[in-house]
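Chemist: There's a structure below that I have some questions on.
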Amino acid sequence: MKKFFLILILTSAFNFKAQDTVNYNEVSQDLLQNIMDNKSYEKQVKILEESTLEDLVSQLKTDNQKIAFWVNVYNSFIQISLTENPKEYEDRGAYFKKPRVKIAGKTLSFDEIEHDILRRSRIKLSWGYLRKYFRPKYERKLRVKNIDWRIHFALNCGAKSCPPVAVFTPEDLDTEFDFMTTEYLKEQTTYDKETRTATSVSLFSWFRADFGGLCGARQILADYNITPEKPKKLKFGNYDWTLSLGNFRKIPK
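If you count by the working numbering, then the sequence shown holds residues 13 to 265, one letter each, in order.
As structure tokens, this is what we get:
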């Protein structure tokens with residue numbers, strides 16, 4: 013009888029622990045969805061604040077899991093921080109460098125999430141060609157293995173020219189990224205057939221190495237049917253840094 017009760021107690025404890033396990037990708041999705049729906053998001057923020065490096069490393073194993081999670085987190089906290097204090101955006105350099113996202117035992121800046129984790133330790137002002145070396149343990153464990161250039165059409169930094177905000181999932185990330193990439197580039201790109209010149213978003217210039225150089229950027233425009241052929245020349249439009257929050261978009265399933 014004693015043996016039976018011991019097994020029962022251990023089984024109950026195991027089931028409780030399994031039920032109590034946090035799915036951090038779902039937390040990031042719920043956080044952003046609640047913001048988009050104008051619902052309370054304090055619960056999700058608290059869960060992220062109480063997470064540990066070991067928690068995230070154990071769950072975010074693939075690049076798709078890492079990318080979906082971090083893009084949702086980035087876009088969420090942009091909306092939160094600039095809704096609370098829009099004046100911070102007047103000094104954008106300081107705004108993106110300021111540690112503000114409490115997660116995995118650290119307080120990260122938006123620059124750290126974008127350039128250290130999602131862009132695998134790239135120096136911000138180097139067109140993407142220069143890497144940072146001797147990075148801290150948490151960064152090496154959380155960053156992606158390969159840069160997905162489509163993040164630039166998924167991250168929203170609060171500016172009017174930024175891509176819209178959408179909720180991303182690791183299971184359907186490729187389809188979701190392709191949709192957002194296509195829709196955004198259609199809105200941002202014009203093409204002159206006579207001169208074979210495309211004018212598109214400045215992101216192609218700022219992070220050109222991520223796209224395979226300017227030649228790679230021109231190929232992307234053709235591959236995604238933004239232009240009818242690979243442009244011979246690529247120009248860049250002015251980026252509108254006017255603060256614009258609440259630019260949400262639902263990805264069709």
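Positions of the beta carbon are idealized from the N, C-alpha and C atoms, including for glycine.
Note that the coordinates shown come from a computational prediction; the quantities given were computed from them, not determined experimentally.
#1: Which partner residues of threonine 74 appear in the DSSP bridge assignment?
#2: Give every residue of the same chain whose Cβ lies closer than 6 Å to the Cβ of lysine 245, excluding the five residues on either side of it in the sequence, and list them in chain order.
#3: DSSP on aspartate 252, reduced to helix/strand/coil?
#4: Going along the chain, which residues of its own chain have a beta-carbon closer than 7 Å to the beta-carbon of phenylalanine 180, five neighbours each way excluded?
#5: For isoleucine 159, does the three-state DSSP call read helix, strand or coil?
#6: Chain D beta carbons: is any one of them nearer than 8 Å to that of threonine 201?
#7: Rounded C-beta distance between lysine 114 and leucine 60? I'm assuming under 8 Å.
#8: Considering only DSSP beta bridges, list what tyrosine 203 is partnered with.
#9: Apart from the five residues on each side of it in sequence, which residues of its chain come closer than 8 Å, Cβ to Cβ, to methionine 192?
#10: Spell out a yes or no on whether the region 70 to 77 and the region 109 to 127 are touching, meaning 3 or more CB-CB pairs, one atom from each, closer than 8 Å.
#11: Is it the case that the region 196 to 211 contacts the region 142 to 158, given that we only count it when at least three CB pairs across the two stretches are under 8 Å?
#12: I'd like the list of long-range same chain contacts for aspartate 252, defined as Cβ closer than 6 Å, with 5 residues on each side in sequence excluded.
#13: Could you tell me the distance, in whole angstroms, from the CA atom of asparagine 250 to the CA atom of threonine 207?
#14: How many angstroms separate the CA atom of isoleucine 21 from the CA atom of threonine 33?
#15: CB-CB under 7 Å to isoleucine 232, same chain, minus the five flanking residues each way: which ones, in chain order?
#16: Closer than 7 Å by C-beta to glutamine 45: which residues in its own chain qualify, once you throw out the five before and the five after it? Chain order, please.
#17: If we call anything under 8 Å between Cβ atoms a contact, is alanine 229 one with glycine 140?
#18: Quick one, which of Ser88, Thr211, Asn87 and Ala116 has its alpha-carbon nearest leucine 68's?
#19: Can you tell me which of the three DSSP states lysine 198 falls into?
#20: For valine 57, report the span of its alpha helix (DSSP H) as first-last.
#21: Just verifying my parser: in three-state terms, what is the DSSP assignment at arginine 230?
#22: Leaving out the 5 sequence neighbours to the left and right, which residues in its chain are closer than 8 Å to leucine 94 when beta-carbon positions are compared?
#23: From Thr201, Lys247, Asp235 and Tyr236, pick the residue whose C-alpha is nearest to that of serine 217; which is it?
#24: Out of Asp190, Leu185 and Ile238, point me to the one whose CA is closest to lysine 205's CA.
#25: Tell me whether asparagine 37 is buried or exposed, calling it buried when 16 or more other Cβ atoms sit within 10 Å of its Cβ.
#26: DSSP has valine 85 in a bridge; who is on the other side?
Modeler: In terms of the structure at hand:
#1: By 1-based counting over the sequence shown, the position of residue 74 is 62. Note: threonine 74 sits in no beta bridge, so no partner.
#2: Counting from one through the sequence shown, the residue named residue 245 turns up at place 233. If we look at lysine 245 and ignore the five residues flanking it on each side, its Cβ neighbours are Thr209.
#3: Translated into the one-based positions of the sequence shown, residue 252 becomes position 240. Coil.
#4: The residue you call residue 180 lines up with position 168 of the sequence shown. Correct list, in chain order: Ala80, Val83, Asn84, Ala166 and Glu188.
#5: Within the sequence shown, residue 159 is the residue found at index 147, counting from 1. In the structure shown, isoleucine 159 sits in coil (DSSP, three-state: anything other than H, G, I, E or B).
#6: Among the chains in the structure shown there is no chain D, since it carries only a single protein chain.
#7: Stepping through the sequence shown from its first residue, residue 114 is reached at position 102. Stepping through the sequence shown from its first residue, residue 60 is reached at position 48. With a Cβ gap of about 7 Å, lysine 114 and leucine 60 count as contacting.
#8: Position 191 of the sequence shown, counting from 1, holds the residue named residue 203. In DSSP, tyrosine 203 forms a bridge with Ala210.
#9: Reading the sequence shown from its first residue, position 180 is the one you call residue 192. The answer, listed in chain order, is Arg162, Phe165, Ala166, Pro175, Pro176, Ala178, Arg261 and Ile263.
#10: no
#11: no
#12: Counting from one through the sequence shown, the residue named residue 252 turns up at place 240. Counting only Cβ-Cβ distances below 6 Å, and skipping sequence neighbours, we find Lys172 and Ser173.
#13: Within the sequence shown, the letter at position 238 stands for residue 250. Within the sequence shown, the letter at position 195 stands for residue 207. Near 20 Å, if we compare the C-alpha coordinates of threonine 207 and asparagine 250.
#14: Position 9 of the sequence shown, counted from the first residue, corresponds to residue 21. Position 21 of the sequence shown, counted from the first residue, corresponds to residue 33. Unreliable placement is indicated for isoleucine 21, whose pLDDT of 42 sits below 50; the coordinate value is still reported in the next sentence. Distance between the alpha carbons of isoleucine 21 and threonine 33 is about 19 Å.
#15: Translated into positions along the sequence shown, residue 232 becomes position 220. Excluding residues within five positions, the ones whose Cβ falls inside 7 Å are Phe223.
#16: Position 33 of the sequence shown, counting from 1, holds the residue named residue 45. For glutamine 45, where only same-chain residues beyond five positions count, the Cβ hits under 7 Å are Val179.
#17: What you label residue 229 is simply residue 217 of the sequence shown in a count that begins at 1. What you label residue 140 is simply residue 128 of the sequence shown in a count that begins at 1. No, these two residues do not count as a Cβ contact at 8 Å.
#18: The residue given as residue 68 occupies position 56 in the sequence shown. Minimum Cα distance to leucine 68 is reached at Ala116.
#19: Position 186 of the sequence shown, counted from the first residue, corresponds to residue 198. Reduced to three states, the DSSP call for lysine 198 is helix.
#20: Numbered from 1 along the sequence shown, position 45 holds the residue referred to as residue 57. Boundaries of the alpha helix (DSSP H) around valine 57: 54 to 61.
#21: Counting from 1 along the sequence shown, the entry for residue 230 is found at position 218. Note: arginine 230 maps to helix in three-state DSSP.
#22: For the purposes of this step, residue 94 is taken as the residue at position 82 of the sequence shown. Closer than 8 Å at Cβ, skipping near neighbours: Glu100, Tyr101, Gly170, Leu255 and Leu257.
#23: Position 205 of the sequence shown, counting from 1, holds the residue named residue 217. Closest by alpha carbon: Lys247.
#24: In the sequence shown, counting from the first residue as 1, residue 205 sits at position 193. Closest option to lysine 205, Cα to Cα, is Ile238.
#25: One-based indexing of the sequence shown puts residue 37 at position 25. Its Cβ being crowded by 16 or more others within 10 Å, asparagine 37 is buried.
#26: Here residue 85 refers to the residue found at position 73 of the sequence shown. Per DSSP, none; premise fails for valine 85.
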